[in-house]
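Written below as structure tokens is the structure these notes are about.
Residue numbers (this note's numbering), protein chains in the order written: chain A, -1 to 364; chain B, 24 to 253.
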């Protein structure tokens, strides 16, 4: 997938170059107003950019230099809008059928039954959109987009207009979508926990430009992330696989690089790939391994970087065997422990403060 | 009802019906241009469309006479080429009525079109619907309450059009003498008071029935379109 585009409007300039070799779920992440939705509209063909070179799944959708432009109605980019945009004069079924009917017959891989089952829409089919909750609306919008047999699914903050309970209702469906269908997804969001849970590739955007892009684990270490997610949410994202799970204690051991993390994780299955987030403010550093302490994770590592985080604190990057954990420590602690680069150190993290997300390995697209 | 009354009633309904039929397609196009296209000269189009609202109807009738009379530039050509004559005919009456009620129709349709969320059309577009497809399956159904309101208003106003009709096509019994013209004639005739009162009652009942029908249909439409009926 290749998305190169520039677009000027007034004082705002969008200038991005996104290349994803193997698209699974690509998150466009950034504050509101950073150009995410503009970019999404350009990809969908609803907005004509000044210059662009957009290629999805080997098909050129827009190439201004070669004067190629596929109109939106022939792009087959399934777009799920923040406000769902269901057609009020059709039933749920009518909405679902709208895109399906207009997709070329030879490309009908996703069936109505499949979508109804995947998104749990059976009981909603005869209803009107005004009779649906916000979460149900988004599920129908997802189904409608899927049935248009898209070559790319574009989700523009599909959870932003929902409250926490509704978000939790829709998120599992998005995870199923990612894991069960072989369609590249662009997921626009300003919530890092959604990115953490869904994305395979993250693009961090700020003021119309790409700050950094890559695996979510890499992007989680980027210094500019803090400005977007806030100090409290800064933390490294680590991927690993579950090596042991104890249903009684609810603790699972996760192999992360050469280290092992103990994490509270429900429904953990040994062998499953998992992604966890260790927040920098939850990490304690120790020069000697402490004893008689409730902390379940005491990992040996060495300091690879020390960066000033703000006036009060530093972010210490500790390599724990192939992966980096961030620790937010005060200036005073930094001096008291005389922390410096290459110094061996122990990383302490409570099992309960690690957020774990069961995560199937991203499917490769052949 | 006497034959003359029945004639006038039938003629009025026929003229109003045909005026709506003539005006509607063009009104939709003009409303769409005004609401959705930011073309140059929009203000002139807007002004031109609304002229009949502010001009004396007699003047509109006179202008039509100048343009479409058998010696007018358009009317003359129509007469010579196709033998079509508009003056002194019920078709001409319908045309004059259409011109007079056109702004009412455009206003109602434009208002409803402005209420259709273009985001829904974008959504239809990403689902594979081309421009005409989108218009027919999304825009048109969603603006139908406004179209209906425009049609009913134009029809009701058309039943009562007087000045432009009498100026353009005169007052010919059975051809151009619609209800208001018949009413006027009765009032001008000595001893015509009874007929005038009866015609007035017919007009009044027609108006009330029309308004009630319009409201009932509008409610039903809102329900069908998935909006809360107010």
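Using N, Cα and C, we set each Cβ at its ideal position, and we do this for glycine too.
*Verify the CB distance criterion: does residue 162/A have a CB-CB separation below 7 angstroms to chain B?*
Interface criterion not met: the Cβ of residue 162/A is under 7 angstroms from no Cβ in chain B.
*Answer with yes or no whether the minimum CB distance from residue 141/B to chain A is below 7 angstroms.*
Output row for residue 141/B: interface = no.
_Terminal residues of the alpha helix (DSSP H) in which residue 263/A lies_ = In the DSSP assignment, residue 263/A falls outside any alpha helix (DSSP H), carrying neither H nor E.
_DSSP-derived helix/strand/coil call for residue 12/A_ = In the three-state reduction of the DSSP assignment, residue 12/A falls in the strand class, which pools E and B.
*Given a threshold of 16 other Cβ atoms within 10 Å of its Cβ, counted over all protein chains shown, does residue 222/A qualify as buried or as exposed?*
It counts as exposed.
*Going by DSSP, which residues form a beta bridge with residue 249/A?*
Under DSSP, residue 249/A shares a beta bridge with 244/A and 262/A.
*Cβ contact (3+ pairs, closer than 8 angstroms) linking the region 76 to 85 of chain A and the region 143 to 151 of chain B*: A contact between stretches requires three or more CB pairs, one per stretch, nearer than 8 angstroms, and the region 76 to 85 of chain A meets this requirement with the region 143 to 151 of chain B.
_DSSP three-state assignment for residue 222/A, whether helix, strand or coil_ = Three-state DSSP puts residue 222/A in coil, outside helix and strand.
*For chain B, is any of its Cβ atoms less than 7 angstroms away from the one on residue 185/A?*
For residue 185/A, the answer is no, since every Cβ of chain B falls outside 7 angstroms of its Cβ.
_So residue 97/A contacts chain B; which residues on that side make the cut at Cβ distance below 7 angstroms?_
Result: 150 and 151.
_Counting only beta-carbon separations shorter than 7 angstroms, does residue 416/A have a partner in chain B?_
There is simply no residue 416/A to check, as chain A begins at -1 and stops at 364 in what is shown.
*How many Å lie between residue 227/A and residue 336/A at the Cα?*
Rounded to whole angstroms, residue 227/A to residue 336/A spans 29 angstroms at the Cα level.
*Which full runs of the beta strand (DSSP E) of 3+ residues lie inside the region 309 to 346 of chain A, going along the chain?*
For the region 309 to 346 of chain A, whole beta strand (DSSP E) runs of length 3 or above, ordered along the chain, are 311 to 317 and 322 to 328.
_Contacting residues, own chain, Cβ-Cβ under 7 angstroms from residue 276/A (five flanking each side not counted)_ = Closer than 7 angstroms at the Cβ level, and outside the excluded window around residue 276/A, lie 233, 234, 236, 323, 347 and 352.
*According to DSSP, is residue 17/A helix, strand or coil?*
In this structure, residue 17/A counts as strand in the three-state DSSP scheme.
_Residues, ordered as in the chain, of the region 170 to 194 of chain B that lie near chain A by beta-carbon distance below 8 angstroms_ = Per Cβ criterion, the list is empty.
*asked:* Within 7 angstroms of any Cβ in chain B, is that where the Cβ of residue 100/A sits?
replied: Closer than 7 angstroms: yes.
*With a threshold of 16 other CB atoms inside 10 Å of the CB of residue 132/B, please say whether the residue is buried or exposed.*
By the neighbour-count rule (16 or more Cβ atoms within 10 Å), residue 132/B is buried.
_Residues near residue 317/A in its chain [Cβ-Cβ closer than 7 angstroms; skip 5 each side]_ = Exclusion of the five residues before and after residue 317/A leaves 299, 300 and 302 as the residues of its chain whose Cβ lies within less than 7 angstroms of its Cβ.
*By Cβ distance, which residues of its chain are closer than 6 angstroms to residue 98/A, with the 5 residues on each side in sequence left out?*
For residue 98/A, where only same-chain residues beyond five positions count, the Cβ hits under 6 angstroms are 145.
*Shortest alpha-carbon distance to residue 34/A belongs to which of 14/A, 115/A, 129/A and 292/A?*
Nearest C-alpha to residue 34/A: 14/A.
*When every heavy atom of the ligand COA is checked, does at least one fall within less than 6 angstroms of the C-beta of residue 310/A?*
The ligand content of the structure shown is nil, which means the ligand COA is not present either.
*Tell me, please, whether the CB atom of residue 146/B is closer than 7 angstroms to any CB atom in chain A?*
Chain A contact via Cβ: present.
*Please determine, among 87/A, 135/A and 283/A, the residue with the shortest C-alpha to C-alpha distance to residue 343/A.*
The shortest C-alpha separation from residue 343/A is found at 283/A.
*asked:* Does any residue of chain B have a CB that is nearer than 7 angstroms to the CB of residue 70/A?
replied: Closer than 7 angstroms: yes.
*Return yes when the Cβ of residue 113/B is within less than 7 angstroms of the Cβ of residue 28/B, no when it is not.*
No. Outside cutoff.
_Tell me the residue span of the alpha helix (DSSP H) that contains residue 132/A._
First-last of the alpha helix (DSSP H) with residue 132/A: 132 to 145.
*Could you check how far apart the C-beta atoms of residue 200/B and residue 212/B are, in whole angstroms? I think they sit under 8 angstroms.*
Actually they are not in contact, since the Cβ atoms of residue 200/B and residue 212/B sit about 13 angstroms apart, beyond 8 angstroms.
*Can you find a CB in chain A that lies within less than 7 angstroms of the CB of residue 253/B?*
Reliability of the predicted coordinates at residue 253/B is poor, the pLDDT of 36 falling under 50, and the value obtained from them is presented with this limitation in mind. Answer no: the Cβ-Cβ gap between residue 253/B and chain A never drops below 7 angstroms.
*Roughly how many whole angstroms lie between the Cα atoms of residue 4/A and residue 47/A?*
If I take the Cα positions, the gap works out to 6 angstroms.
_Exposed unless 16 or more other CB atoms sit within 10 angstroms - verdict on residue 246/B_ = With fewer than 16 other Cβ atoms within 10 Å, it is exposed.
*Examine chain A for any beta-carbon lying closer than 7 angstroms to the beta-carbon of residue 164/B, and answer yes or no.*
By this cut-off, residue 164/B is an interface position.
_For the pair the region 30 to 48 of chain B and the region 113 to 125 of chain B, tell me if three or more CB-CB distances fall below 8 angstroms._
By the criterion of at least three beta-carbon pairs nearer than 8 angstroms, the region 30 to 48 of chain B is in contact with the region 113 to 125 of chain B.
*Any contact of the region 188 to 201 of chain A with the region 20 to 33 of chain A, i.e. 3+ C-beta pairs under 8 angstroms?*
Touching, per the Cβ criterion.
_Buried versus exposed call for residue 168/B [16 or more other C-beta atoms within 10 Å across all chains shown]_ = So residue 168/B counts as buried.
*Using a Cβ-Cβ distance under 7 angstroms, would residue 146/A count as near chain B?*
Closer than 7 angstroms: yes.
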